[in-house]
């Protein structure tokens with residue numbers, strides 16, 4: 021017997037007799053003997069205390085970002101987590117409910133997604149957004165496939181900036197061959213920014229899209245208008261990838277500059293870093309290409325009494341109807357994460373988001389200034405290039421060594437670029453958010469001083 | 006189910022009306038009834054060449070997508086532009102304003118059914 | 012039945028219509044010098060403030076979401092007999108363990124010495140899933156079942172490539188879930204449909220004809236989407252393997268035989284497991300899911316990277332492996348979902364997991380026993396954890412499965428899965444799962460029988476359902492014809 025299994029031995033006997041059966045085994049008679057087992061070689065049932073203790077031990081064997089001053093970024097960020105997020109997410113009506121196929125009893129979920137779609141649309145500057153995708157890396161993949169479809173499969177080349185997150189590019193490589201596209205990587209200039217002329221020269225008239233990230237992997241803000249123009253000059257779609265969604269609180273989304281797609285990771289909007297998942301991919305595009313957009317979509321309509329209502333729409337793009345011809349094979353969206361982001365954005369508010377983003381910028385600029393003041397052996401790799409809340413720090417030794425030495429000084433200084441090599445020096449990506457107090461900055465600078 | 010006498014029919018529920026050396030194609034009353042309310046139509050490019058049995062386009066309802074096939078070979082001369090904003094014409098007037106595509110081609114000697122043949126085919130289908 | 016006034020809830024963008032400054036969250040005080048964004052950043056890139064992104068007080072936000080939540084049905088409210096979805100109880104213990112700070116506040120790229128507990132957790136779950144399926148390898152990376160399918164098919168393609176073969180066809184039965192052919196296409200293969208035999212299982216004769224050296228894999232669901240076990244599974248696997256193909260198993264229906272049978276013995280080369288189905292992780296209104304894939308020896312070398320490797324009592328990440336298909340998404344998987352699944356598996360234990368599937372099958376057969384006669388059962392083969400009826404009896408009164416579903420809402424139940432599998436017209440696919448007490452299953456049957464009666468005496472009542480829900484039947488045609496997927500300012504005061 022178990023609390024989570026609805027019928028125990030007595031209940032089962034009762035039902036079996038109602039069905040005219042002697043043993044439960046009779047219901048499994050259609051399984052061939054050759055694949056049957058008598059049981060599983062697993063431990064016995066554990067009670068709650070045991071489980072909490074065992075998982076608690078696994079949890080404390082980790083170093084949490086909240087336990088010491090932390091400056092970790094590179095695509096996963098530590099932002100404020102208003103207490104109401106978890107309170108709302110813990111409502112059973114939200115987290116134990118199913119995909120809103122039955123609109124009449126899912127208006128809560130549907131309206132939340134509609135609000136999420138609208139928020140993403142407004143932040144990215146594009147007409148429409150979907151109900152979310154698995155994460156930023158797969159959102160980029162979907163954007164590339166989308167571009168390929170929009171170009172009717174006539175262009176197989178994909179131009180990607182080297183300063184798009186290396187992990188995103190790794191994931192894109194995995195899908196590229198199956199999708200029938202060829203990836204060409206463009207390196208940044210010496211200022212860490214992508215040169216629009218390099219984009220133009222790379223594959224004129226052959227690329228289905230040009231994908232850039234801003235702020236890029238090095239934390240540097242790209243010249244969006246010029247890059248959109250460079251992509252369009254070659255007849256390619258312009259795709260902007262955003263890994264630090266909070267940047268959209270201060271920086272206009274690519275839609276304002278003519279980008280056809282803005283996609284990426286919205287984990288910064290109230291989703292726990294969670295050791296890499298579940299996160300929250302987002303995707304926005306122009307209404308012209310709405311039918312090619314992957315993922316779920318909620319639309320506004322009315323019920324039979326004329327009352328406003330919401331429902332899933334354009335399902336015909338999706339796998340359960342289109343089957344072999346679907347725009348993607350995505351089935352789930354990240355429903356609960358989209359709820360978290362919606363609560364977060366609505367709690368922080370429009371002006372609040374701008375203040376939050378400004379707080380990140382101010383703290384990052386202050387830290388850059390103080391590190392620059394330290395002088396040798398520390399330097400900001402790209403001192404004159406504009407950054408939002410992340411920058412590359414270079415010092416003696418590799419980035420990995422530096423991070424290890426800083427950890428022994430009690431600071432999680434950042435993410436090393438040692439294993440993520442490219443046209444940039446081996447150093448540490450330092451991310452600064454509204455949660456890094458002046459004391460945190462003191463801790464990092466102090467540790468750097470001691471290590472000099 | 007309406008089955009106009011003057012038209013020819015294909016086994017995938019298309020109707021064909023000959024106009025000189027071209028044919029106009031649509032889907033039958035039975036087909037639109039099966040499909041439900043059409044919300045979107047994907048039509049071929051003008052100038053495209055098709056063989057008989059090729060997919061000419063798709064019709065989307067809320068819950069399903071149906072291909073409609075070219076009943077004869079030909080070149081696409083014209084598509085019904087009204088369907089972009091008024092896909093309901095396919096449901097409301099399938100043989101008239103709900104026409105889909107005009108092809109340069111001929112219905113002669115093809116494996117098509119006349120009205121009586123199609124009515125019989127329908128009876129067998131629903132049996 | 013809940014009878015009290017529930018106010019219509021405006022959209023966030025319709026609140027605070029005068030756009031007055033309010034505050035929903037107190038930010039940490041700025042203890043460094045402030046900056047002017049357009050001085051530090053290129054001016055042309057700085058955004059204009061959005062007049063239609065309001066600020067609300069904390070309580071406004073709380074009330075907004077509280078009221079919205081009241082419009083939802085949920086597993087905690089009552090039965091969700093959705094075939095193929097396995098809507099079981101989402102234990103609160105899972106919610107506690109998934110919120111441990113040492114797990115939530117971890118960055119995936121922290122040095123390995125700082126994440127040993129997390130890596131161990133992933134490894135433990137992988138080992139458990141290998142034991143449960145009887146297969147030697149596992150990856151926990153895929154974000155959902157469909158993602159797991161793609162991972163599996165890509166591994167199969169890689170294995171064929173390693174053999175120097177190129178096969179582009181993937182077979183799937185006509186009863187398959189739509190993700191199967193969609194995955195095949197997405198993976199660069201060509202999906203081909205296999206017809207089902209008269210009893211709803213795979214037609215071995217058809218398979219014999221179609222299985223040649225162009226076929227990379229057969230994708231099948233066991234038991235199939237009718238809830239019927241593929242009794243010829245060993246012959247099917249033998250046929251496919253002997254001709255150089257692979258077996259991909261869609262694990263959506265795993266809840267029916269955990270502890271009773273092993274996919275590893277069935278010849279599965281890759282199988283995805285839906286943690287949000289079989290292993291109780293919550294559906295969250297549409298996600299996140301998790302779709303780990305267990306694999307046979309043949310596919311072991313091709314598992315995605317990064318992989319978690321155990322070295323005595325230490326765990327490490329292997330980021331590169333030339334034989335691997337590569338990386339399928341950022342990082343290691345939906346980690347906080349994995350925590351919930353491991354919690355569940357530990358809580359149930361060996362005997363608990365076995366009784367889980369036994370009761371799942373028992374309940375489905377109880378439903379079959381009670382509803383047979385009132386609803387038409389197209390396939391007579393024994394049902395496992397789900398039973399598929401159709402609406403052919405009710406259709407005589409011009410009442411269809413959609414209407415029955417909407418009428419069930421008035422009885423306080425979520426409807427079964429409908430219109431799937433495609434080989435059953437007007438399908439009602441019922442999977443009670445094992446969590447609820449027997450009385451809840453009986454109450455569901457009572458409601459279905461009552462509706463069957465209403466169809467005979469007052470069909471219009473059923474056709475015009477639902478009557479007692481927050482909104483009446485929603486116009487999905489209008490939603491598709493007049494596409495409106497974002498709020499726009501010109502609809503003030505709607």
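Chains as they are written, first to last, in this note's numbering: chain B, 21 to 472; chain A, 6 to 132; chain D, 12 to 505. Just so it is clear, CB atoms sit at the ideal spot from N, CA and C, and this is done for glycine as well. If you're wondering where the values come from, they're calculated on a predicted model, not measured in any experiment.
Taking 9 Å as the CB-CB cut-off, is residue i touching chain C?
i	result
residue 102/A	This model lacks chain C altogether; the protein chains it does include are B, A and D.
Under 9 Å between C-beta atoms, does residue i make it to chain A?
i	result
residue 487/D	yes
residue 492/D	yes
residue 457/B	no
residue 306/B	no
residue 335/B	yes
residue 504/B	A query on residue 504/B cannot be resolved here, the shown segment of chain B reaching from 21 to 472 and no further.
Using 9 Å as the limit for Cβ to Cβ distance, is residue i near chain B?
i	result
residue 339/D	yes
residue 68/A	yes
residue 288/D	no
residue 45/A	yes
residue 17/A	no
residue 399/D	no
residue 501/D	no
Buried or exposed: residue i, going by 16 or more other Cβ atoms within 10 Å of its Cβ?
i	result
residue 425/D	buried
residue 181/D	buried
residue 471/D	exposed
residue 284/D	buried
residue 194/B	buried
residue 90/A	exposed
residue 288/D	buried
residue 27/B	buried
residue 354/B	buried
Quick one: is the Cβ of residue i within less than 8 Å of any heavy atom of the ligand SAM?
i	result
residue 46/A	The model on display carries no ligand, and the ligand SAM is accordingly not part of it.
At the 9 Å Cβ level, is residue i part of the contact set with chain D, yes or no?
i	result
residue 42/B	no
residue 128/A	no
residue 65/A	yes
Inside the stretch 396–455 of chain B only - beta strand (DSSP E) runs reaching at least 3 residues: Taking only runs of at least 3 residues, the beta strand (DSSP E) segments lying wholly in the stretch 396–455 of chain B are 410–414 and 448–451.
The stretch 320–329 of chain B contacting the stretch 476–491 of chain D, beta-carbon criterion three pairs below 8 Å: Because the criterion of three Cβ pairs below 8 Å is met, the stretch 320–329 of chain B and the stretch 476–491 of chain D touch.
Contacting positions in the stretch 75–100 of chain A - beta carbon closer than 8 Å to chain D: Going along the stretch 75–100 of chain A in chain order, one finds 92 and 93 with a Cβ nearer than 8 Å to chain D.
Contact the stretch 438–447 of chain D vs the stretch 88–97 of chain D: 3+ CB pairs below 8 Å: Yes: at least three Cβ pairs fall under 8 Å.
For the stretch 104–111 of chain B against the stretch 138–148 of chain D, are there 3 or more C-beta pairs whose distance is under 8 Å? Because the criterion of three Cβ pairs below 8 Å is not met, the stretch 104–111 of chain B and the stretch 138–148 of chain D do not touch.
Examine the Cβ distances between the stretch 359–379 of chain B and the stretch 306–315 of chain B and report whether three or more of them are shorter than 8 Å. Short answer: they don't touch.
At a CB distance below 8 Å, what residues from the stretch 80–101 of chain B approach chain A? Give them in sequence order. The residues in question: there are none.
Would you be able to state if there are at least three C-beta pairs under 8 Å between the stretch 72–86 of chain B and the stretch 123–138 of chain D? With a cut-off of 8 Å, the stretch 72–86 of chain B and the stretch 123–138 of chain D count as touching, because enough Cβ pairs lie within range.
Any 3 or more C-beta pairs closer than 8 Å across the stretch 63–81 of chain A and the stretch 105–125 of chain A: Contact annotation: the stretch 63–81 of chain A touches the stretch 105–125 of chain A, with at least three C-beta pairs closer than 8 Å.
In chain order, which alpha helix (DSSP H) runs of at least 4 residues are fully inside the stretch 259–313 of chain B? The stretch 259–313 of chain B contains no whole alpha helix (DSSP H) run of 4 or more residues.
Could you give the uninterrupted runs of the beta strand (DSSP E) lying entirely in the stretch 101–184 of chain D, keeping only those of 3 residues or more? Listed in chain order, they are 148–150 and 180–184.
Residues from the stretch 396–408 of chain B in contact with chain A, defined by Cβ distance under 8 Å: Residues passing the 8 Å Cβ filter: none.
Residues of the stretch 117–132 of chain B in Cβ contact with chain D at a cutoff of 7 Å, in chain order, please. 117, 118, 119, 120, 122, 123, 124, 125, 126, 127, 128, 129, 131 and 132: these are the residues of the stretch 117–132 of chain B whose beta carbon lies less than 7 Å from some beta carbon of chain D, given in chain order.
Is it true that the stretch 268–278 of chain D meets the stretch 358–370 of chain D, where meeting means three or more beta-carbon pairs spaced less than 8 Å apart? Touching, per the Cβ criterion.
Three or more beta-carbon pairs under 8 Å between the stretch 155–172 of chain B and the stretch 273–292 of chain B, yes or no? Flag = yes, the stretch 155–172 of chain B and the stretch 273–292 of chain B touch.
Going along the chain, which residues of the stretch 203–237 of chain B sit with their C-beta nearer than 8 Å to a C-beta in chain D? Those residues of the stretch 203–237 of chain B that come within reach of chain D (Cβ to Cβ, closer than 8 Å) do not exist; the list is empty.
For the stretch 47–62 of chain B, list every residue whose C-beta sits within 8 Å of some C-beta in chain D, in sequence order. Going along the stretch 47–62 of chain B in chain order, one finds 47, 48, 49, 50, 51, 52, 54, 55, 56, 57, 59, 60, 61 and 62 with a Cβ nearer than 8 Å to chain D.
Going along the chain, which residues of the stretch 21–44 of chain A sit with their C-beta nearer than 7 Å to a C-beta in chain D? Taking 7 Å as the cut-off between beta carbons, the residues of the stretch 21–44 of chain A near chain D are 42 and 44, in sequence order.
Length at least 4, wholly inside the stretch 168–224 of chain B: the alpha helix (DSSP H) runs in chain order: Listed in chain order, they are 186–199 and 216–222.
Validate contact between the stretch 204–214 of chain D and the stretch 234–242 of chain D using beta carbons, cut 8 Å, 3 pairs: Taking 8 Å as the limit for Cβ pairs, the verdict is that the stretch 234–242 of chain D does touch the stretch 204–214 of chain D.
Give a yes or no on contact between the stretch 435–443 of chain B and the stretch 378–390 of chain B, applying the rule of three or more CB pairs nearer than 8 Å. The stretch 435–443 of chain B is not in contact with the stretch 378–390 of chain B.
4-residue-minimum alpha helix (DSSP H) runs that sit fully inside the stretch 203–258 of chain D, ordered along the chain: Counting whole runs of 4 or more residues, the stretch 203–258 of chain D contains the alpha helix (DSSP H) stretches 215–221 and 244–253.
Closer than 7 Å between beta carbons: that is the criterion. Which residues of the stretch 407–439 of chain B meet it against chain A? Of all residues in the stretch 407–439 of chain B, none has a Cβ within less than 7 Å of some Cβ in chain A.
Counting only runs of 3+ residues fully inside the stretch 323–349 of chain D, write out the beta strand (DSSP E) ranges in chain order. Counting whole runs of 3 or more residues, the stretch 323–349 of chain D contains the beta strand (DSSP E) stretches 325–329.
Give the residues from the stretch 132–147 of chain B that approach chain D closer than 9 Å (Cβ to any Cβ), ordered along the chain. The residues in question are 132, 133, 134, 135, 137, 138, 139, 140, 141, 142, 143, 145 and 147.
When you check each C-beta in the stretch 232–261 of chain D against every C-beta of chain B, which residues fall closer than 7 Å? So the list reads 240, 242, 244 and 245, given in the order they occur along the chain.
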